[in-house]
Amino acid sequence: MSGVAITIESDGESAVMQALALLSNFDQSKPKLFDAIGQTVVSNIRSRWANGVGLEGKWRLSGRVLREGGTTMRDTSRALNSMTHNVLSSGVEIGTDVEYAAIHHFGGEIKYEARMRRTYFRQDQRTGLVGNKFVRKARSNFMQESQGKAYKVNMPRRPFLGLTETDEQEVLSLIVEHLTGE
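Take any residue in the sequence shown, count from 1 to its spot, add 895: that is its number in my numbering.
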């Protein structure tokens, strides 16, 4: 090496040396930081979801909730319970592997094709008259097929994946805490 060289000598208690020590160990401690970030963000998403709140505020009530009661996007809680995070070498990814979560997050149109439907009734054995109430297949002795119409359902967007301003502040606090050791 030619030219000029600078050597810095300092005791181990100086702020510069402590900062350099933290940075030198950062690569080994990144997975711990990314895991903490992932756990925090997933916890916040689940908390908002349980309260019917997404990134854009309170969710509009779903048709199922209006008909049957319950909570929007929580019929079986499968998508909510599948929220998870994966620690990568360069960061953390947060999401779900439930296929229908995307239509809930982004919204869109669901198209149902026309199809044959089977309807089950009870037929009086003596008179041969068919009742006008539907019954389960197991209790039926008369089946009728009919052509169902094609129809569409417009699913409103209910974004749940992402960071709110509060989430960003929590993540920044985790990073600062991790780097300063406080």
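For glycine and all other residues, C-beta sits at the position ideal for the given N, C-alpha and C.
I932 classed as buried or exposed, judged by whether at least 16 other C-beta atoms fall within 10 angstroms: buried
Could you say which of G1057, L1074, T1075 lies nearest to V987 if we only look at CA atoms? G1057
So what's T1059 in DSSP terms, helix, strand or just coil? coil
Applying the 10 Å Cβ sphere with the 16-neighbour rule, what's the burial state of S972? exposed
If the criterion is Cβ atoms closer than 8 Å, does the pair K1044 and K1006 meet it? no
With a threshold of 8 Å on Cβ separation, who are the neighbours of M1011 within its own chain once the five nearest residues in sequence on each side are excluded? E1040, S1041, Q1042, G1043
Alpha carbons only, please: which of I940, F929, P926 is nearest the one belonging to E1060? I940
With DSSP as the reference, label T935 as helix, strand or coil. In the structure shown, T935 sits in a helix (DSSP, three-state: H, G or I).
Which one or two residues does DSSP pair with S1041 in a beta bridge? R1012
Would you report the Cα separation of S942 and V960, rounded to the nearest angstrom? If you take the alpha carbons of S942 and V960, they lie about 19 Å apart.
Measure the Cβ-Cβ separation of V937 and I989 and say whether it is below 8 Å. yes
Count the other C-beta atoms from every protein chain shown that fall within 10 angstroms of the C-beta of G1002, then say buried if there are 16 or more, exposed otherwise. exposed
Out of F1055, L950, T966, state which residue places its alpha-carbon closest to the alpha-carbon of L956. Relative to L956, the option among F1055, L950, T966 whose CA is nearest is T966.
In the DSSP assignment, what are the bridge partners of Y1046? Y1007
DSSP on V960, reduced to helix/strand/coil? helix
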